[in-house]
Amino acid sequence: MDDRPAVADGEVLLDVRNLGKHFPVHAGLLRRQVAAVKAVDGVSFSVRKGETLGLVGESGCGKTTTGRMVMRLLDSSFGKITFEGQDITKLSQKRMRPLRRDIQMIFQDPYSSLNPRQTVGAIVGAAFRLQKIDTKVPVKKAVQELLELVGLNPEHYNRYPHEFSGGQRQRIGIARTLALRPKLIVADEPVSALDVSVQAQVVNLLEDLQDELDLTYVVIAHDLSVVRHIADRVAVMYLGKIVEIADRNDLYERPMHPYTNALLSAVPIPDPAERENRKRIRLQGDVPSPLEPPPACRFHTRCWKAQDICKEKEPPLVELSPGHEAACHFPENTTVSATDLVAAQTAALKGQAAEASVVKGEPDDDD
Ligand code: SF4
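Under my numbering, think of the first position of the sequence shown as 20, with each following residue one higher.
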């Protein structure tokens with residue numbers, strides 16, 4: 020296991036409060052809104068400088084939509100995003116432009132995210148030109164330094180993307196991202212399109228770059244093994260909500276939410292003896308539609324521990340041990356008594372009500 024210490028203290032770089040995205044569904048001749056897909060439905064988390072937060076969950080849980088809202092590639096329906104103390108939730112595109120350098124994204128598919136008609140030099144160099152970054156050396160030299168930094172041969176400056184392997188193309192994408200000297204990188208499934216043999220190399224590269232360049236990451240992934248390797252803290256999402264968030268080791272060793280337990284029970288274990296002893300939890304049914312998520316606890320339709328209260332009352336996210344929060348009426352691996360849990364949930368619901376009343380700012384008018 021990776022035993023890097025988690026970033027326990029430090030300045031918060033990104034703070035997300037009660038963030039949500041509902042996509043309207045229209046029907047009829049007048050295209051009236053008849054429903055809404057609740058892709059993200061009130062998530063809150065913060066990321067400290069130099070930290071890596073893993074955002075995990077099954078496909079459709081809202082993790083990518085959350086990442087896109089943080090990037091401001093998608094407007095949120097409600098909630099608040101604060102970056103370096105500045106509320107960026109409703110900043111116009113014009114006012115976001117200087118911040119685009121600071122918040123960058125690494126895309127999932129290294130094949131489609133690079134222009135096949137451009138050389139590597141042009142792709143990476145475009146970042147300098149578009150953002151008018153003043154390099155201390157000629158752009159070609161600056162690009163070659165970046166290629167070297169991500170483990171590519173600087174002599175390959177004039178080659179085209181098709182001349183590289185998948186792992187090398189992802190490195191080109193990373194070099195392009197680094198050209199802007201970002202502070203925060205949102206990496207959306209950065210290794211899922213790569214062969215298993217090269218996944219570890221790219222994950223190691225991201226870790227090395229973090230140390231070298233003081234980067235902060237939000238890593239979105241469905242693969243818990245990848246997140247275990249790279250993240251300091253992990254947030255587990257289910258149907259648009261965060262159901263558990265904790266330091267990596269704590270979450271993997273003492274998962275409190277039944278959904279996290281089920282996900283972890285499916286992670287491949289290389290050791291055959293350990294594999295034999297592990298109890299696999301097989302979830303029943305599919306993930307319900309975000310058009311009509313189940314009431315109260317959204318996981319109750321698939322949870323083997325569900326009781327009546329789970330169908331009647333939504334459990335808020337509460338801290339059950341230092342830094343470890345879970346949203347469940349019957350959490351596992353905790354010594355918190357039922358009475359204390361109810362008291363914590365009541366207090367959390369009051370706090371949530373205050374958070375939900377975050378003033379929805381209007382977009383700036385200087386677009
Ligand atoms: Fe399962 Fe109930 Fe916990 Fe939801 S609140 S995860 S249904 S035990």
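Cβ atoms here follow ideal geometry from the backbone N, Cα and C, with glycine treated the same way. Note that this is a predicted model, so its numbers are computed, not measured.
- Judged by DSSP secondary structure, residue 43 falls within the beta strand (DSSP E) whose first and last residues are 31 to 46.
- Residue 353 holds the alpha-carbon nearest to the alpha-carbon of residue 340 among 353, 332 and 347.
- Between residue 373 and residue 63, the alpha-carbon positions lie close to 13 Å from each other.
- Where residue 294 is concerned, the enclosing alpha helix (DSSP H) starts and stops at 291 to 296.
- A contact is defined here as three or more CB-CB pairs under 8 Å, and the region 221 to 236 fails this definition with respect to the region 256 to 273.
- When the Cα atoms are used, residue 243 and residue 128 turn out to be separated by approximately 19 Å.
- Here DSSP, grouped into helix, strand and coil, assigns residue 236 to strand.
- Between the ligand SF4 and the CB of residue 343, the shortest heavy atom gap is not smaller than 7 Å.
- Apart from the 5 residues on each side of it in sequence, residue 343 sits with its Cβ closer than 6 Å to the Cβ of 265 and 269 in its chain, given in chain order.
- Restricted to the region 254 to 312, the alpha helix (DSSP H) segments that are unbroken, complete and at least 4 residues in length are 267 to 272, 277 to 284 and 291 to 296, listed in chain order.
- In terms of Cβ geometry, residue 224 and residue 193 form a close pair [threshold 8 Å].
- DSSP lists 237 and 252 as the beta-bridge partner residues of residue 72.
- In the three-state scheme derived from DSSP, where H, G and I count as helix and E and B as strand, residue 191 is classed as helix.
- As the crow flies, the alpha-carbon of residue 97 is around 11 Å from that of residue 35.
- With 16 or more neighbouring CB atoms inside 10 Å of its own CB, residue 348 falls in the buried class.
- Take the alpha-carbon of residue 273 and the one of residue 122: they are about 32 Å apart.
- A distance below 7 Å between beta-carbons, with the five flanking residues on each side excluded, links residue 177 to the following residues of its chain, in chain order: 138 and 140.
- A residue is listed when its beta-carbon falls short of 5 Å from at least one non-hydrogen atom of the ligand SF4; in chain order these are 277, 316, 318, 319, 322, 324, 325, 329, 334, 347, 348 and 349.
- Residue 125: not part of any alpha helix (DSSP H); member of the beta strand (DSSP E) spanning 122 to 125, first to last residue.
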